[in-house]
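Let me begin by presenting the structure, written as structure tokens, before commenting on it.
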Amino acid sequence: EPEVTQTPSHQVTQMGQEVILRCVPISNHLYFYWYRQILGQKVEFLVSFYNNEISEKSEIFDDQFSVERPDGSNFTLKIRSTKLEDSAMYFCASSPSGTSGLYTGELFFGEGSRLTVL
Amino acid sequence: AQSVTQLDSHVSVSEGTPVLLRCNYSSSYSPSLFWYVQHPNKGLQLLLKYTSAATLVKGINGFEAEFKKSETSFHLTKPSAHMSDAAEYFCVVHSGTYKYIFGTGTRLKVLA
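Here you go:
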């Protein structure tokens, strides 16, 4: 069964360092998302991405964050200068169609990348 | 605006007894509703979804949920809990934008 894969599963970094989290969405999916979950808190939407551009982003997704689809398979989340409060589990998700409008199905999530900022 | 409220942060049941995890939603449009489960150190797995078809939805591992528009609820149930059901459960609502809104989660504990 096709699945979303994320790397690394766990990354430890120093405050102020740049981090790139990588995701390989399901191959025929067109829409991609990043969510995060700070330990003990709810899962929060960060950004959605379609056709090589951001379709929606939350207030959390400020200038230190960026997303990119550098090739036909990878979808990355970059955090430019990490802060302690960026420590969280980051989930990548994909869907075959956009969730704005007619698509009413589920998102397919990866297993997450745990980021620890020291 | 859409939102979702999970009424219990923790639920404990004995193995073999019924499970009820409560969820209420708020949405301006006809929503799609989902339950996801997260086992420790694992990703988010879809349990079941409601997308305006039958109001009683059956999912994996014996779970069910009933969409009640008049009560704006989408409670998750299972007739008989198993030890392997111990996990965190998230109710999720979506209606028309790109983002899915997660509830705060309910941690289910199953006692032997």
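Line by line, the protein sequences give chains A and B.
Residues 1 to 118 in the numbering used here are what the first sequence lists, from first letter to last.
Residues 1001 to 1112 in the numbering used here are what the second sequence lists, from first letter to last.
Quick reminder that beta carbons are idealized off the backbone N, C-alpha and C, glycines included.
Residue i burial status per 10 Å Cβ neighbour count (16 or more: buried)
| i | result |
| --- | --- |
| Thr1055/B | exposed |
| Val12/A | exposed |
| Pro1018/B | exposed |
| Pro1079/B | exposed |
| His10/A | exposed |
| Glu111/A | buried |
| Arg188/A | Because chain A in this structure spans residues 1 to 118, residue 188/A falls outside the shown range and cannot be described. |
| Asp1085/B | buried |
| Tyr1029/B | exposed |
| Gly1043/B | buried |
| Pro70/A | exposed |
| Gln1006/B | buried |
| Ala1112/B | exposed |
| Ser1014/B | exposed |
| Pro1031/B | buried |
| Gly101/A | Annotation note: pLDDT 49 at Gly101/A (below 50); position unreliable, no value reported. |
| Glu44/A | buried |
| Pro183/A | Any answer about residue 183/A is impossible in this case: the structure gives chain A only from 1 up to 118. |
C-beta atoms of residue i and residue j nearer than 7 Å
| i | j | result |
| --- | --- | --- |
| Leu1076/B | Ala1087/B | no |
| Thr1106/B | Leu1020/B | no |
| Tyr33/A | Ser55/A | no |
| Ala88/A | Gln37/A | yes |
| Val1093/B | Val1037/B | no |
| Tyr180/A | Leu21/A | In the structure displayed, chain A extends from 1 to 118; residue 180/A sits before or after that span and is not available. |
| Gln1045/B | Ser1027/B | no |
| Phe1063/B | Phe1074/B | no |
| Thr116/A | Gln17/A | no |
| Glu106/A | Phe1034/B | yes |
| Thr1072/B | Lys42/A | no |
| Lys57/A | Ser66/A | no |
| Phe108/A | Phe91/A | no |
| Phe61/A | Pro25/A | no |
| Tyr31/A | Ser95/A | yes |
Neighbour list for residue i in chain A, Cβ cutoff strictly below 8 Å
| i | result |
| --- | --- |
| Thr1104/B | Gln41 and Lys42 |
Neighbour list for residue i in chain B, Cβ cutoff strictly below 7 Å
| i | result |
| --- | --- |
| Glu106/A | Phe1034, Leu1046 and Lys1049 |
Within chain B, partners of residue i - CB distance below 8 Å
| i | result |
| --- | --- |
| Gly110/A | Gly1043 |
Residues that residue i contacts on chain A, provided the C-beta gap is smaller than 9 Å
| i | result |
| --- | --- |
| Lys1109/B | Residues of chain A passing the Cβ test: none, with the nearest at roughly 16 Å. |
Beta-carbon neighbours of residue i, restricted to chain B and to distances below 9 Å
| i | result |
| --- | --- |
| Ser58/A | Lys1099 |
Residue i CB to nearest heavy atom of the ligand MG below 6 Å
| i | result |
| --- | --- |
| Val24/A | This structure does not include the ligand MG; it has no bound ligands of any sort. |
### Task
Mind checking the stretch 1013-1034 of chain B against chain A and listing, in chain order, the residues whose C-beta falls within less than 8 Å of any C-beta there?
Ser1032 and Phe1034
### Proximal residues, the stretch 1075-1090 of chain B versus chain A, C-beta separation under 7 Å
Phe1090
### Query
Between the stretch 17-48 of chain A and chain B, which residues of the former have a C-beta closer than 7 Å to a C-beta of the latter?
Lys42, Val43, Phe45 and Ser48
### Message
Please identify, using Cβ separations under 7 Å, the residues of the stretch 83-94 of chain A that lie next to chain B, in order along the chain.
### Response
Phe91
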